[in-house]
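Student: All residue numbers for the sequence shown refer to our numbering, where the first residue is 3 and numbers rise by one. Can you read through this structure? Questions will come right after.
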Amino acid sequence: PTRGVSGLPTRTPSLVPTLAPTNVPTTALPSVNPSFPPSEAPSDSPSTPPSETPSGIPSLRPSNAPTATPSLKPSTLPTSTPTSAASMRPTVLPSRSPTNVPSVSPTISTAPSMGPTSMPSSTPSANPSRTPSNVPSSHPTITTFHWAACGSTAFCSNEPASAENSNHNRVGGSPSGREIAVRCCSDTLLPGFEQKDVSCPYGDSRLDGVCYDSVAFDEAETLCASVGARLCTLVEVENNCVKSTSCGHNARFTWTSPPSKTPTTVPCASPSIVPSAGPTGVYWPIATNTKCPIGPDRLFKIISVADVDECYNACLATVDCVVFSVGEYGGYLNCMGCKNPATMTYQCGFTAYELIP
Numbered sequence: 003p004t005r006g007v008s009g010l011p012t013r014t015p016s017l018v019p020t021l022a023p024t025n026v027p028t029t030a031l032p033s034v035n036p037s038f039p040p041s042e043a044p045s046d047s048p049s050t051p052p053s054e055t056p057s058g059i060p061s062l063r064p065s066n067a068p069t070a071t072p073s074l075k076p077s078t079l080p081t082s083t084p085t086s087a088a089s090m091r092p093t094v095l096p097s098r099s100p101t102n103v104p105s106v107s108p109t110i111s112t113a114p115s116m117g118p119t120s121m122p123s124s125t126p127s128a129n130p131s132r133t134p135s136n137v138p139s140s141h142p143t144i145t146t147f148h149w150a151a152c153g154s155t156a157f158c159s160n161e162p163a164s165a166e167n168s169n170h171n172r173v174g175g176s177p178s179g180r181e182i183a184v185r186c187c188s189d190t191l192l193p194g195f196e197q198k199d200v201s202c203p204y205g206d207s208r209l210d211g212v213c214y215d216s217v218a219f220d221e222a223e224t225l226c227a228s229v230g231a232r233l234c235t236l237v238e239v240e241n242n243c244v245k246s247t248s249c250g251h252n253a254r255f256t257w258t259s260p261p262s263k264t265p266t267t268v269p270c271a272s273p274s275i276v277p278s279a280g281p282t283g284v285y286w287p288i289a290t291n292t293k294c295p296i297g298p299d300r301l302f303k304i305i306s307v308a309d310v311d312e313c314y315n316a317c318l319a320t321v322d323c324v325v326f327s328v329g330e331y332g333g334y335l336n337c338m339g340c341k342n343p344a345t346m347t348y349q350c351g352f353t354a355y356e357l358i359p
């Protein structure tokens with residue numbers, strides 16, 4: 003071969019190439035147009051800078067090693083088959099159009115998202131998160147209480163009735179606590195209901211053929227309403243009005259409803275011979291972390307009381323007072339009375355009580 007490369011290529015190349023090519027290219031500049039059919043096998047190593055404009059027809063087989071630098075303009079269409087493994091570096095910003103169908107195996111993140119979603123998902127997750135939120139909600143849940151009593155005075159080891167958290171389905175919220183079941187009452191005869199005594203309403207425990215051994219208060223109230231009945235009052239349960247009405251609830255506690263605020267229109271035909279020791283008014287807790295609001299609905303505030311009974315007596319002596327709240331603040335047991343339970347506001351450590359005439 004020639005020792006030096008010619009400045010211009012020959013006009014007519016030789017029909018038979020040399021047996022040993024030169025160590026340097028034959029021309030100083032490569033051809034302007036690449037070969038018309040691309041090579042069938044790609045190069046072992048890709049070019050360090052990729053082409054500015056991708057080819058209209060991609061190669062049939064990808065290169066053995068990907069490019070060191072990705073292209074400036076990614077493809078507009080995703081691949082027909084997504085990658086089997088997640089990328090080492092996820093995108094900084096989420097896609098504008100998320101997938102309609104979630105992945106079969108979602109990614110388990112080691113850290114929660116920086117901010118919660120603006121709208122909750124239409125379908126909540128089947129399992130709760132493994133790690134709870136570090137920041138509590140701005141408005142904690144206000145828990146209500148309702149009385150629950152033993153299904154029969156002959157059972158439950160003489161345990162008295164207790165004001166239970168409405169979200170619990172066992173006494174005290176403990177796994178070992180007695181179950182709180184559903185027993186319903188009705189002032190009119192319903193299918194399957196029976197009357198234990200003329201002083202009792204009609205009662206039943208098997209609702210549409212189903213027994214409910216352990217439920218929260220709202221569910222119990224809904225179940226009774228679904229058959230045209232109501233929850234029994236505490237007095238009705240303690241008077242054994244729903245004793246032995248099937249389902250074996252005698253040894254379980256039963257949710258009760260508050261007594262009616264409306265007095266009976268017909269007084270008792272035979273008043274009691276022995277007068278009561280005191281008035282019949284009582285109170286019970288209706289919500290935790292709740293107090294009477296600042297404003298016209300608050301009737302009074304006492305900086306320091308000895309106990310809940312003292313606050314109750316103050317509310318009882320105040321016109322229009324139906325609800326009062328007691329809680330420690332500033333080193334004292336504060337007492338507030340108000341006339342509208344619906345206006346109660348959040349206050350940590352306070353408990354709201356309602357008068358029962």
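The C-beta atom is built at its ideal place from N, Cα and C for all residues, glycine as well. Given the structure is predicted, the values throughout are model-derived calculations rather than measurements.
Is L191 helix, strand or coil when you go by DSSP?
Tutor: Coil.
Student: Would you kindly report the start and end of the unbroken beta strand (DSSP E) that includes F352?
Tutor: Here the beta strand (DSSP E) through F352 covers 347-358.
Student: Please list the terminal residues of the continuous beta strand (DSSP E) segment that includes F147.
Tutor: 147-152 is the extent of the beta strand (DSSP E) around F147.
Student: According to DSSP, is Y214 part of a helix, a strand, or is it coil?
Tutor: Coil, per DSSP.
Student: Is DSSP giving P292 helix, strand or coil here?
Tutor: According to the sequence provided, residue 292 is Thr. The question's Pro does not apply to it. Correct three-state label for T292: strand.
Student: So does the segment 217-233 actually touch the segment 172-186, counting three or more Cβ pairs closer than 8 Å?
Tutor: Yes, the segment 217-233 is in contact with the segment 172-186.
Student: To the nearest angstrom, how far is it from the Cα of F157 to the Cα of C249?
Tutor: Roughly 15 Å separates the two Cα atoms.
Student: Just the C-alpha distance for M346 and C317, rounded to the nearest angstrom, thanks.
Tutor: Those two C-alpha atoms are separated by around 15 Å.
Student: Measure from the alpha carbon of N342 to the alpha carbon of each residue in G194, F326, Y331, then state which is nearest.
Tutor: For the residues G194, F326, Y331, the minimum Cα distance to N342 belongs to F326.
Student: When burial is assigned at 16 or more other CB atoms within 10 Å of the CB, is E330 buried or exposed?
Tutor: It is exposed - the Cβ of E330 has fewer than 16 other Cβ atoms within 10 Å.
Student: Figure out for me which residue from A150, P295, C213 has the closest Cα to the Cα of P162.
Tutor: Closest by alpha carbon: A150.
Student: Determine, using beta carbons only, whether L192 and V244 come nearer to each other than 8 Å.
Tutor: Contact: no.
Student: Provide the residue span of the beta strand (DSSP E) that contains L225, from first to last.
Tutor: Segment 219-228 is the alpha helix (DSSP H) holding L225; no beta strand (DSSP E) there.
Student: Among T320, C350, D322, whose alpha-carbon lies nearest the alpha-carbon of G332?
Tutor: Checking every option, the nearest Cα to that of G332 belongs to C350.
Student: Could you name the residues of the same chain whose beta carbon sits closer than 6 Å to that of G194, not counting the 5 residues immediately before and after it, in chain order?
Tutor: Counting only Cβ-Cβ distances below 6 Å, and skipping sequence neighbours, we find D206.
Student: Beta-carbon separation of L225 and L236 under 8 Å?
Tutor: Cβ distance not < 8 Å, so L225 and L236 don't count as in contact.
Student: From V173 to G179, what does the alpha carbon distance come to, in whole angstroms?
Tutor: Their backbone Cα atoms lie some 5 Å apart in a straight line.
Student: E196: which of T247, A289, D311 sits nearest, CA to CA?
Tutor: Nearest of T247, A289, D311 to E196, Cα basis: T247.
Student: Would you identify the three-state DSSP class for G250, choosing helix, strand or coil?
Tutor: Looking at G250 - three-state DSSP - the assignment turns out to be coil, as it is neither helix nor strand.
Student: Can the beta-carbon of R254 be found less than 8 Å from the beta-carbon of G153?
Tutor: Yes; because the gap between Cβ atoms is below 8 Å, this pair is in contact.
Student: Please report the straight-line C-alpha distance between N1 and V328, rounded to a whole angstrom.
Tutor: Because the chain in this structure spans residues 3 to 359, residue 1 falls outside the shown range and cannot be described.
Student: Just the C-alpha distance for Y204 and H251, rounded to the nearest angstrom, thanks.
Tutor: Each residue's Cα considered, the two are about 16 Å apart.
Student: Between F302, C323, L335, which lies nearest to D309 when the distance is taken from Cα to Cα?
Tutor: Per the Cα distances, L335.
Student: Helix, strand or coil for E161 per DSSP?
Tutor: Here E161 sits in coil by DSSP.
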